[in-house]
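Here is the structure we will look at.
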Amino acid sequence: MTQSIPSGRGHHMLGFVARHAIGIAMAIMFLAPIVFLLLTSFMTSDQTLTANMWPQSWHPENYVEAFRKTPLLRFIGNTFLYAILATGFMLLASVPAAYALAKLRWRGRNATMVLIICMMMLPPQVTTVPLYMMWANTGLTGTLWPLILPMLAGDAFSIFLLRQFLVTIPDEYLDAARIDGCGEWRTLLRVILPMARPGIAAAAMFQFFYAWNDYYGPFLYTSENQDAWTISLGLASFRSLHHVEWHLVSAATLLTMVPVIVLFFFAQKAFVQGVTLTGVKG
Amino acid sequence: MPTAASQGGAGRVRRSLVTLTFIGPALIGILIFLVYPLVAAVYFSFTRFDMFNPPVWVGLDFWEYVLFDDPTVRIAAKNTLVFVLLMVPARTVGALLTAMLLNAMKRSRSIYRTLYYLPALAPPVTATIAFVLLLKPGTGPVNTLLAQFGLEGPGWFNDPDWAKASLTLLALWGVGDLMIIFVAALLDVPQALYEAASLDGAGRWHRFRYVTLPTISPVLLFATITGVIGTFNYFTQAAVAGSVASGQVTSGSGIAGTFGYPENSTLTYPMRLYSIGFGNNLFGAANVMAVILFVVSMTATIILLRRFKTFSGGDS
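Protein chains in written order, with my numbering: chain A, 13 to 294; chain B, 14 to 329.
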């Protein structure tokens, strides 16, 4: 390490302190909303209407109350069903498609790639009305199936992400497998899948998060049928299910973050790598 | 490496069939979920229909209605444009500054990175509710804190002049995903370039201006374009903030009743697209808005495709 500017120890120390002062101040700003939600979730209903930020008495039973007073459990169940099925279906179709786009040569490959990118960039509202009509004809509106079933054809963003990952695997591995007489499917299953595990993990996590966080999709298809609501839709309507009870809203809201954070800490590395892969180098 | 170029016709057909088993489902998906709805949207934009009866051709009626006669469409389009101008620069600059701060850290980098990234993991509905609570005009903690310094806080989500700024703060809070992309981009800037610049006597600002910025400009462009497209379909946070801040009892699709609260200041283009169709039953008009949204967002996508080889599908 060459030090470009001659600076004494004091100068060094000053920079260190300044960096961390800014760093900690920013950490506080990033965390404050979550901490405040946490504090509110332990308050009494009356205290949430005052300016007092610290709970005068602690009420962990608010979390039980949130489940008792609303169909929260049902919302959470629906959301897990949506997220898990969508992720599973997405992987079944997207991994082979990404492999074909990354490693097989065929006519129309570049055109297909362009279409996939268009699909990925397309605002969902563009196709909302025709797709809603299509699903209304099948009688599946009012359920989450219109959001789950399309994943059997893969998901544009996931195909793109996986393709970006698969092109980084050297062709030598594939050639070796082919020389050993492996067909393309065997090559994919035996050689590529084990090597692509971090990429697949990232794609699966993104899909799970997307479904877990999705509001527009469930709003469009299930808003008239409360039995099919996801947690996002339920939370946005929490006030009407349970008027101005901010302590319960806060408790339920925090609960929605739990699965996401648990998943993130288990697979942080794959996740960060995935985010970076989408960031594309020129 | 073309290995099977000289194979016979039967071999080629077999290979094509194998390829089809890989890509077939995705191709069917493109047809059903991209091509069909796009063609249908264009057709429906020239018709009057209500989902139950067959569409009736009305020519350009709804095009005229959307472009000239519906005042709410204009408000929504303007709001979306303002959101693009507020959120995209705020998030890009915010992410770049945070990433630069992180890269200046040494051993503690990863803990800070996790802390800054955490809000990006919060589901949008969760984050929105937290912000409405945080910025409650009367008793919210932010205004309480401002009052301690003798300042009177604004009405935030309840004031038409502040609602957009409040949503921008919310967008800035979740800047972590973009930050991670910039952290990686900054680490890719060759150290030798900085050293050469230092030898030439370049100071901090000059090194940033003439080394860092040009090297990471592709990533900046990528972030800007995807940010613009993302803001074109900005829906969830605006819908939820309007509903929760209004204090009105809404549930399910009834939330459309509070779209834009306060005073249409948070009504975005896709929200109007939804309400003009599912609320006013003018599905022809909704499809006109869809076709316009398609043209605008595809223009941005084409710029992205042209600029980035990675996107063209060729071998990097």
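We put the CB at the ideal spot given by N, CA and C, even for glycine. Since we're looking at a predicted model, the values are computed, not measured.
- When Cβ pairs closer than 8 Å are counted between the two stretches, the segment 117–124 of chain B is seen not to touch the segment 231–248 of chain B, the count staying below three.
- For C130 of chain A, the uninterrupted alpha helix (DSSP H) run begins and ends at 121–133, by DSSP.
- Per the coordinates, the alpha-carbon of V304 of chain B lies some 6 Å from the alpha-carbon of V55 of chain B.
- Assignment of T60 of chain B by DSSP, reduced to helix, strand and coil, places it in the strand class.
- At a Cβ-Cβ threshold of 8 Å, L280 of chain B and F291 of chain B do not count as neighbours.
- In the DSSP assignment, W258 of chain A forms no beta bridge with any residue.
- For T140 of chain A, the C-beta contacts it makes with chain B under 8 Å involve L286, Y287, G290, A299, A303, in order along the chain.
- Residue pairing by DSSP puts V69 of chain B in a beta bridge opposite B:R61.
- Spanning the alpha carbons of P162 of chain A and L104 of chain A requires a straight line of approximately 12 Å.
- Against chain B, a Cβ distance below 8 Å from C130 of chain A picks out L47, M311, T314.
- In the structure shown, D58 of chain A falls within a coil segment according to DSSP collapsed to helix, strand and coil.
- The Cβ-Cβ distance between S170 of chain A and M102 of chain A falls below 8 Å.
- For T91 of chain A, the uninterrupted alpha helix (DSSP H) segment begins and ends at 84–115.
- A distance below 8 Å between beta-carbons, with the five flanking residues on each side excluded, links I316 of chain B to the following residues of its chain, in chain order: I238.
- Ranked by Cα distance from G265 of chain B, the options A:M207, A:M269, A:S235 are led by A:S235.
- With the rule of 3 Cβ pairs closer than 8 Å, the segment 250–259 of chain B does not count as touching the segment 98–112 of chain B.
- When DSSP states are grouped into helix, strand and coil, D190 of chain B belongs to the helix group.
- I88 of chain B has a beta carbon lying at 8 Å or more from every beta carbon in chain A.
- Distance from the CA atom of L85 of chain A to the CA atom of A214 of chain A, rounded to whole angstroms, is 28 Å.
- Non-local beta-carbon contacts of Q285 of chain A in its own chain, meaning distances under 7 Å to residues more than five positions away in sequence, involve P210, A214 in chain order.
- Inclusion of P137 of chain B and F48 of chain A in the CB contact set at 8 Å is not warranted, their separation being larger than that value.
- Between the beta-carbon of L174 of chain A and that of I212 of chain A there is about 7 Å, and that keeps the pair under the 8 Å contact cut.
- Sequence-distant Cβ neighbours of F221 of chain A in its own chain, meaning closer than 7 Å and more than five residues away, are V272.
- Straight across, the Cα-Cα distance linking D213 of chain B with F195 of chain B is about 26 Å.
- Taking C-alpha positions only, W70 of chain A is separated from S57 of chain A by approximately 12 Å.
- For W218 of chain B, the uninterrupted alpha helix (DSSP H) segment begins and ends at 217–220.
- In the DSSP assignment, M100 of chain B falls within the alpha helix (DSSP H) that extends over 84–117.
- For N149 of chain A, the enclosing alpha helix (DSSP H) stretches over residues 140–150.
- With a threshold of 16 other beta carbon atoms within 10 Å, V26 of chain B falls short and is exposed.
- With its beta carbon less than 8 Å from one in chain A, L51 of chain B belongs to the interface.
- Restricted to the segment 179–257 of chain A, the alpha helix (DSSP H) segments that are unbroken, complete and at least 4 residues in length are 183–191, 209–225, 228–234, 243–248, 250–253, listed in chain order.
- Residues of chain B whose Cβ lies closer than 8 Å to the Cβ of G151 of chain A do not exist; the shortest such Cβ separation is about 13 Å.
- L116 of chain A is positioned such that its CB atom lies no closer than 8 Å to that of E184 of chain A.
- The closest CA to that of N293 of chain B, considering only B:S310, B:L306, B:T312, B:G270, is found on B:G270.
- The Cβ of N225 of chain A sits closer than 8 Å to at least one Cβ of chain B.
- DSSP places I242 of chain B inside the alpha helix (DSSP H), whose first and last residues are 226–245.
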